[in-house]
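> Structure provided below as structure tokens; questions to follow.
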Amino acid sequence: MLLKKVLITTFSFLLFSSYMPTPVLAQSPALESFSSTGSISGIGTTLSISLPSGVISGNLLVACVAAAGNDTSNMSAAGWTHVITAGGGGTNPKIGMLYRFWQPGDNDPAVFTISSVNNLAARRGVMWRISGADASPSDATPSSRVSGATTSRIYNSITTNTNDALLLGCLDWVSSDSVYTPNATLSNTVTQISHAADSGVKTTAGATGSITGSGNTSPYVSILWAVAPGVSPIFNVPTITLNSPSDAATGVSTTPTFNFTGSDADNDDLSYEIQISDNPNDFTGGVILADNFSGGGGGSFHPQPELTATTWQGDIQVDDRMCQSFTAVGGKWAKTVFPLGDSRVDTSGTAFARIYEHDGIFGTSSAPANAGVPANQTTAGTPTINWLAQSDGVVLGASFASGDFDFAASGANQIRFEAGANYLVCSDWIPSNNLENNTWAWSGDVLNGGSLHGGNIYHDGFSAFNHGAHSDWDLHFNIYELFTLEEANSTSDAGFTSSVDGGDTTPFTAGDQISYSAQASLDEDITYYWRARVSD
2 MLLKKVLITT FSFLLFSSYM PTPVLAQSPA LESFSSTGSI SGIGTTLSIS
52 LPSGVISGNL LVACVAAAGN DTSNMSAAGW THVITAGGGG TNPKIGMLYR
102 FWQPGDNDPA VFTISSVNNL AARRGVMWRI SGADASPSDA TPSSRVSGAT
152 TSRIYNSITT NTNDALLLGC LDWVSSDSVY TPNATLSNTV TQISHAADSG
202 VKTTAGATGS ITGSGNTSPY VSILWAVAPG VSPIFNVPTI TLNSPSDAAT
252 GVSTTPTFNF TGSDADNDDL SYEIQISDNP NDFTGGVILA DNFSGGGGGS
302 FHPQPELTAT TWQGDIQVDD RMCQSFTAVG GKWAKTVFPL GDSRVDTSGT
352 AFARIYEHDG IFGTSSAPAN AGVPANQTTA GTPTINWLAQ SDGVVLGASF
402 ASGDFDFAAS GANQIRFEAG ANYLVCSDWI PSNNLENNTW AWSGDVLNGG
452 SLHGGNIYHD GFSAFNHGAH SDWDLHFNIY ELFTLEEANS TSDAGFTSSV
502 DGGDTTPFTA GDQISYSAQA SLDEDITYYW RARVSD
């Protein structure tokens with residue numbers, strides 16, 4: 002059995018958004034709390050700073066430690082990473098910055114070695130607790146400035162690499178006062194005697210430029226650093242390649258095999274999903290509404306029995322059979338829905354819907370192919386023959402409530418439409434008797450110039466005056482088509498095997514070609530579409 006074209010598409014699984022990988026989200030570093038020590042006088046080589054409140058595992062701790070005295074050696078603390086030490090020569094104070102990611106069991110307070118020389122007098126410091134920092138927290142090469150006596154308090158420029166980096170600045174001056182006005186770029190964390198600590202967010206990566214505050218006239222030292230934003234979670238999204246069948250491939254099996262390969266930079270094991278459908282518009286299966294019309298200003302059409310009891314194939318004929326042209330999507334005819342209304346004395350009989358090939362210009366002169374012509378104006382024309390399919394009969398009683406009636410197709414009458422092709426759907430009624438006032442009504446539009454639906458009505462009737470196409474009329478109708486959708490997930494469904502390791506089961510080894518065999522027989526001579534998706 003020939004399986005005609007298998008068309009491959011590679012776009013994402015629109016139906017399975019819940020399986021989309023969690024995006025990698027950046028989180029800005031935030032200053033949560035701080036602690037500090039006032040100026041400690043007397044000679045010493047260390048300074049102890051208590052941990053800030055609320056510290057939890059993974060928080061970044063950054064310490065700014067300052068001291069007066071003639072020493073330029075780097076400051077240090079066990080388990081802490083040194084960022085920068087500046088000043089300490091001549092009359093200038095000395096400042097150092099260090100960081101550590103806190104873990105349970107860390108010392109509290111933290112003890113910092115300021116100098117190996119026991120000649121440093123006043124000592125002071127600040128410690129920040131920061132959340133959301135990157136595991137490699139440095140986002141810029143730190144800067145330092147050693148200045149003589151002035152009222153300015155300047156941080157030299159640094160260049161950040163990442164948006165939303167957290168700036169941290171430390172100042173220490175000689176004069177014994179706490180007079181300090183920070184630049185608006187930074188928010189002052191704390192000011193104490195001869196010392197200040199500042200922070201702020203650099204929203205756009207790049208150079209900060211010099212940041213200038215002010216104080217009383219005094220020599221000072223400043224250092225400026227930036228903490229990088231973290232990302233969480235950090236992982237790579239797997240990718241998939243559709244190997245075969247290739248675009249527009251044909252085959253000889255109605256249960257074809259589809260091959261694809263997933264790759265993952267993290268080398269995680271992989272699971273797969275696949276969809277196979279004959280729907281050319283999307284991967285929607287089941288019965289869908291393909292074309293319809295329900296608007297317009299109103300109108301009704303009545304299939305009235307012939308008084309002469311004219312018969313065709315033993316059935317009483319009616320003088321009006323209404324048709325409407327429409328455009329198919331490409332599925333199987335599932336049903337047509339017509340809104341019908343009880344109109345006269347006796348409406349008993351059986352109604353049908355029929356599908357015809359299209360002839361004429363769509364919307365202007367749409368007509369059934371090989372349309373029948375009424376013999377004259379007094380004898381009913383028989384229905385146009387050679388229809389493609391006919392619905393199951395809908396039995397109408399002597400009276401019925403107006404509403405929508407389903408004209409369902411079954412068996413061989415579930416014909417497959419050609420995608421984008423035009424057709425006509427016609428309705429016929431075989432009444433139980435030929436009494437004059439027996440009739441009911443189709444509804445439609447005869448008042449709005451035929452512009453509300455792209456097709457048009459065709460009147461398949463006996464009256465030469467009404468018979469034929471009416472470009473300014475539309476019938477109310479709904480055409481439903483049936484589409485196939487086979488979808489499977491390797492975590493729960495059969496059909497998936499590894500082409501590399503036949504014993505491997507889901508989740509499969511990344512990089513191995515996976516095969517999926519269709520589990521339901523596909524129709525012959527149909528174009529199918531397939532897509533696959535991978536997740537780790």
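Per the numbering used here: the sequence shown = residues 2 to 537. Even for Gly, the Cβ is constructed at its ideal location relative to N, Cα and C.
(1) Check whether the stretch 29-36 and the stretch 147-167 touch, using three or more Cβ-Cβ pairs below 8 Å as the test.
(2) Please identify the residue among Thr328, Thr242, Met323, Pro369 whose C-alpha is closest to the C-alpha of Pro340.
(3) Please report the distance separating the alpha-carbon of Cys427 from that of Ala354.
(4) Helix, strand or coil for Asn414? Go by DSSP, reduced to three states.
(5) Would Pro281 pass as a contact of Tyr481 if the rule is Cβ separation under 8 Å?
(6) Hey, is the stretch 62-80 in contact with the stretch 102-116, meaning 3+ C-beta pairs nearer than 8 Å?
(7) Is Ala374 buried or exposed, if buried means 16 or more other CB atoms sit within 10 Å of its CB?
(8) Between Glu274, Val222, Thr251, Gly332, which has its C-alpha nearest Thr86's C-alpha?
(9) Expressed to the nearest angstrom, what Euclidean distance is found between the alpha-carbon atoms of Ser499 and Leu62?
(10) Is the Cβ-Cβ distance between Gly331 and Glu419 less than 8 Å?
(11) Please report the straight-line C-alpha distance between Gly398 and Asp316, rounded to a whole angstrom.
(12) Let me check understanding here. Comparing Cα to Cα, which of Ala185, Ala208, Gly201 lies closest to Gly214?
(13) In the structure shown, what three-state DSSP assignment does His196 receive?
(14) Give me the residue from Ser177, Gly126, Ile41 with the minimum Cα distance to Pro53.
(15) In chain order, what residues of the same chain lie with their CB nearer than 6 Å to the CB of Asp1, ignoring the 5 residues before and after it?
(16) Just mark Asn371 as buried or exposed, buried being the case when its beta carbon has 16 or more other beta carbons within 10 Å.
(17) Under a three-way DSSP split, which group does Ala422 fall into?
(18) Quick one: is Phe284 near chain B, going by C-beta distance under 8 Å?
(19) How would you call Val56, buried or exposed, if buried means at least 16 neighbouring beta carbons within 10 angstroms?
(20) Tell me the rounded alpha-carbon separation between Ser516 and Val319.
(21) So, helix, strand or coil for Ala208, using DSSP?
(22) Under 8 Å by Cβ, that's how I've got Ser137 and Leu225 pegged, so tell me the actual separation to the nearest angstrom.
(23) Tell me the DSSP secondary structure of Asp173 in three-state form.
(24) Only counting runs of 3 or more residues, tell me where the beta strand (DSSP E) segments fall wholly within the stretch 303-356, in order along the chain.
(25) With DSSP as the reference, please indicate the residues paired to Phe294 in a beta bridge.
(26) Would you call the stretch 341-361 in contact with the stretch 492-508, where contact means no fewer than 3 C-beta pairs closer than 8 Å?
(27) Helix, strand or coil: which one does DSSP assign to Ser34?
(28) Give the secondary structure of Trp430 by DSSP, where H, G and I count as helix, E and B as strand, and everything else as coil.
(29) If contacts are defined as beta-carbon pairs under 8 Å, then Leu425 and Tyr459 qualify, I think. What distance do you get, rounded to the angstrom?
(30) Leaving out the 5 sequence neighbours to the left and right, which residues in its chain are closer than 8 Å to Pro24 when beta-carbon positions are compared?
(31) Opposite Gly398 in the DSSP bridges: which residues?
(32) Bridge partners of Asp72, per DSSP?
(33) Which residue or residues does DSSP assign as beta-bridge partners of Ile131?
(34) Tell me which same chain residues have a C-beta within less than 7 Å of the C-beta of Gln104, skipping the five on either side of it?
(35) For Ser301, is the classification buried or exposed, using 16 other Cβ atoms within 10 angstroms of its Cβ as the cut-off for buried?
(36) Buried or exposed: which applies to Ala266, given that a residue is buried once 16 or more other Cβ atoms fall within 10 Å of its Cβ?
Taking the coordinates as given:
(1) The answer is yes - the stretch 147-167 touches the stretch 29-36, with three or more Cβ pairs under 8 Å.
(2) With distances taken between Cα atoms, Pro340 lies closest to Met323.
(3) Each residue's Cα considered, the two are about 6 Å apart.
(4) If DSSP states are grouped into helix, strand and coil, Asn414 belongs with the helices.
(5) Tyr481 is positioned such that its CB atom lies no closer than 8 Å to that of Pro281.
(6) Contact between the stretch 62-80 and the stretch 102-116 is present, with at least three C-beta pairs closer than 8 Å.
(7) As written in the sequence, residue 374 is Val, which differs from the Ala given in the question. The residue is exposed, with fewer than 16 neighbouring Cβ atoms inside 10 Å.
(8) Of the candidates Glu274, Val222, Thr251, Gly332, the one whose C-alpha sits nearest the C-alpha of Thr86 is Val222.
(9) Whole-angstrom Cα-Cα distance: 49 Å.
(10) Yes, the pair counts as a contact, with Cβ atoms nearer than the cut-off.
(11) Between Gly398 and Asp316, the C-alpha separation is close to 17 Å.
(12) Of the listed residues, the one whose Cα sits closest to Gly214 is Ala185.
(13) Looking at His196 - three-state DSSP - the assignment turns out to be strand.
(14) Nearest option by C-alpha distance: Gly126.
(15) Here the chain covers residues 2 to 537 and nothing more, so residue 1 does not appear.
(16) So Asn371 counts as exposed.
(17) Looking at Ala422 - three-state DSSP - the assignment turns out to be coil, as it is neither helix nor strand.
(18) The question asks about chain B, but that chain is absent: this structure has only one protein chain.
(19) The residue is buried, with at least 16 neighbouring Cβ atoms inside 10 Å.
(20) Straight-line Cα distance between these residues: approximately 58 Å.
(21) If DSSP states are grouped into helix, strand and coil, Ala208 belongs with the strands.
(22) Not confirmed; about 19 Å, so no contact.
(23) The answer is strand: DSSP assigns Asp173 an E or B state.
(24) Entirely contained in the stretch 303-356, the beta strand (DSSP E) runs reaching 3 residues are, in chain order, 323-328, 333-343.
(25) DSSP output for Phe294 lists Phe478 as bridge partner(s).
(26) No, the stretch 341-361 is not in contact with the stretch 492-508.
(27) Residue state, collapsed to three classes: strand.
(28) Strand, per DSSP.
(29) At roughly 6 Å, the Cβ-Cβ gap stays under 8 Å, so Leu425 and Tyr459 are in contact.
(30) In this prediction, Pro24 has a pLDDT of 45, which is less than 50 and means its spatial position is unreliable; what the coordinates show is noted afterwards. Within the same chain, Pro24 has no close Cβ partners at all.
(31) Per DSSP, none; premise fails for Gly398.
(32) Looking at the DSSP assignment, Asp72 forms no beta bridge with any residue, so it has no partner.
(33) Ile131 pairs with Leu32, Leu61.
(34) Correct list, in chain order: Ser58.
(35) Answer is exposed; the Cβ neighbour count stays below 16.
(36) It counts as exposed.
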